[in-house]
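First the structure, in the form of structure tokens, and then the observations on it.
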Amino acid sequence: MALLGHVGTLTHRQIAGWGWETDAPDMPLWVLIAIDRKVIGRCRADQFREDLAVEGIGTGWHGFSLDLPAGILLPKEGYEISVRREGDGQHLPGSPYVLEPAIRIVPDL
Numbered sequence: 078m079a080l081l082g083h084v085g086t087l088t089h090r091q092i093a094g095w096g097w098e099t100d101a102p103d104m105p106l107w108v109l110i111a112i113d114r115k116v117i118g119r120c121r122a123d124q125f126r127e128d129l130a131v132e133g134i135g136t137g138w139h140g141f142s143l144d145l146p147a148g149i150l151l152p153k154e155g156y157e158i159s160v161r162r163e164g165d166g167q168h169l170p171g172s173p174y175v176l177e178p179a180i181r182i183v184p185d186l
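Going by this note's numbering, the residue at position 96 of the sequence shown is 173; the numbering climbs one at a time, nothing skipped.
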């Protein structure tokens with residue numbers, strides 16, 4: 078099955094995007110989100126996104142979002158984030174992603 082998708086929001090507090098299987102256009106898919114190869118969440122890509130509907134990507138109901146509790150990802154750390162289709166583990170296009178540190182500590186000179 079052809080897998081299309083994109084992660085548009087990648088922060089230390091939220092991961093959001095969309096995923097769609099062209100061979101099952103009306104079926105929402107499940108995605109697994111992992112940090113440094115450890116699965117931290119599972120989302121159903123069934124949220125409506127007007128941009129997808131306008132572009133003719135399925136029904137437009139292919140968005141997903143995972144809110145991360147404070148402290149799971151430390152702002153001064155960077156991480157490798159993967160977003161994969163549940164079942165066969167195929168990565169969304171562009172995955173794995175690199176989340177750079179949000180805070181850089183500069184020592185006093």
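Don't be surprised by glycine CBs; every beta carbon is placed ideally from N, CA and C.
Between the C-alpha atoms of T86 and P184 there is a straight-line separation of about 30 Å.
Across the structure, V175 and R119 are spaced so that their CA atoms are roughly 19 Å apart.
Following the DSSP letters along the chain, one finds D113 in no beta strand (DSSP E), marked with neither H nor E. Distances from the alpha-carbon of G82 to those of E132, K115 and R90 put E132 closest. In the assembly as shown, E127 is an exposed residue. Its beta-carbon has fewer than 16 other beta-carbons within 10 Å.
In this structure, the beta-carbon distance from L106 to E98 falls below 7 Å. About 7 Å separates the Cβ atoms of G135 and D103, confirming a contact at the 8 Å cut-off. From the listed residues R114, I149, G155 and G96, the smallest Cα separation to F125 is found for G96.
Rounded to whole angstroms, R162 and P173 show a C-alpha spacing of 12 Å.
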